[in-house]
């Protein structure tokens with residue numbers, strides 16, 4: 645009997661270890677419909693982010709994990725040092741950047757304190773989507789000439805309004821959630837990555 649229990653315990657631990665260390669695939673949402681023609685120059689930015697290979701790594705990197713529904717997409721100038729909105733032209737230009745802000749209604753919390761409405765910041769704008777709003781925000785902050793256009797990040801997740809996703813974020817004192825990297829911060833609900841990540845949360 646003891647030997648049987650030991651074998652069963654070993655199998656359970658092995659299954660848990662395998663699930664927590666399950667590899668993450670490279671499929672990420674590309675849901676937003678945008679225009680193929682742009683009204684303003686797009687300046688590609690290439691910030692460096694860590695890349696995570698397993699569900700356990702993503703869980704460790706994320707202070708907050710939750711499913712949510714995107715209710716709005718907006719654009720704000722955010723101070724990268726304080727993590728707060730700062731559209732003043734008098735603010736230090738080197739500390740401020742255009743961010744895409746996804747306003748999300750939380751559906752279910754998996755890690756961290758998540759409820760109500762959360763704003764998720766992703767650095768850069770979106771080519772072909774409400775570009776005049778991005779232009780106006782940059783102009784008001786005195787940043788448009790600095791970039792000579794609208795700064796964007798290629799190859800990142802593209803989320804649509806009313807879309808439901810699993811979000812993996814890092815929360816700061818500034819009131820926003822920030823992404824863990826450009827592609828692994830959002831996953832389609834009920835996708836392989838969704839299952840792997842939620843299973844890896846202890």
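Numbering (the numbering used here), first residue to last: 645 to 846. Ideal Cβ placement from N, Cα and C applies to all residues, glycine included.
In terms of alpha-carbon separation, which member of 714, 774 and 702 lies closest to residue 668?
-> Along the chain shown, read from residue 1 onward, the residue named residue 668 stands at position 24. Nearest of 714, 774 and 702 to residue 668, Cα basis: 702.
Using alpha carbons as the reference points, say which of 837, 819, 673 and 685 lies closest to residue 758.
-> Residue 758 sits at position 114 when you count from the first residue of the chain shown. Of 837, 819, 673 and 685, the residue nearest in Cα terms is 819.
How is the alpha helix (DSSP H) around residue 781 delimited, first residue to last?
-> In the chain shown, residue 781 corresponds to position 137, counting from 1. From DSSP, the alpha helix (DSSP H) with residue 781 extends over 775-784.
What residue range is occupied by the uninterrupted alpha helix (DSSP H) comprising residue 823?
-> The sequence position of residue 823 within the chain shown is 179, counting from 1. Note, residue 823: premise wrong, no alpha helix (DSSP H); beta strand (DSSP E) at 821-823.
Let me know the secondary structure DSSP gives residue 664 once reduced to three states.
-> Along the chain shown, read from residue 1 onward, the residue named residue 664 stands at position 20. Here residue 664 scores only 48 on pLDDT, less than 50, and its place in the model should not be relied on; the value that follows carries that caveat. Three-state result, residue 664: helix.
Beta strand (DSSP E) runs contained entirely in the region 692-764, provided each spans 3 or more residues | 708-723 and 740-755
Apply the 10 Å Cβ neighbour rule to residue 794 and answer buried if 16 or more other Cβ atoms are within range, or exposed otherwise.
-> The count along the chain shown starts at 1 and reaches residue 794 at position 150. Classification for residue 794: buried.
With a Cβ-Cβ cutoff of 8 angstroms, do residue 673 and residue 801 count as a contact?
-> Here residue 673 corresponds to residue number 29 of the chain shown, with the count starting at 1. Here residue 801 corresponds to residue number 157 of the chain shown, with the count starting at 1. Cβ atoms of residue 673 and residue 801: closer than 8 angstroms.
Residue 694 and residue 767 look like a contact to me (Cβ under 8 angstroms); what is the Cβ gap, rounded to whole Å?
-> Reading the chain shown from its first residue, position 50 is the one you call residue 694. Reading the chain shown from its first residue, position 123 is the one you call residue 767. About 15 angstroms; that fails the 8 angstroms criterion.
So residue 687 packs on residue 776, CB below 8 angstroms; how close in whole Å?
-> Numbered from its first residue, the chain shown carries residue 687 at position 43. Numbered from its first residue, the chain shown carries residue 776 at position 132. The Cβ separation is near 17 angstroms, so there is no contact.
DSSP beta-bridge partners for residue 766?
-> Counting from 1 along the chain shown, the entry for residue 766 is found at position 122. Partner(s): 744.
In or out: residue 683 buried (at least 16 other Cβ within 10 Å) or exposed?
-> Position 39 of the chain shown, counted from the first residue, corresponds to residue 683. It is exposed - the Cβ of residue 683 has fewer than 16 other Cβ atoms within 10 Å.
Span of the alpha helix (DSSP H), counted from its first residue to its last, around residue 843 = What you label residue 843 is simply residue 199 of the chain shown in a count that begins at 1. Looking at the DSSP string, the run of the alpha helix (DSSP H) that includes residue 843 is 836-844.
Between the region 747-754 and the region 779-790, do three or more beta carbon pairs fall short of 8 angstroms?
-> no
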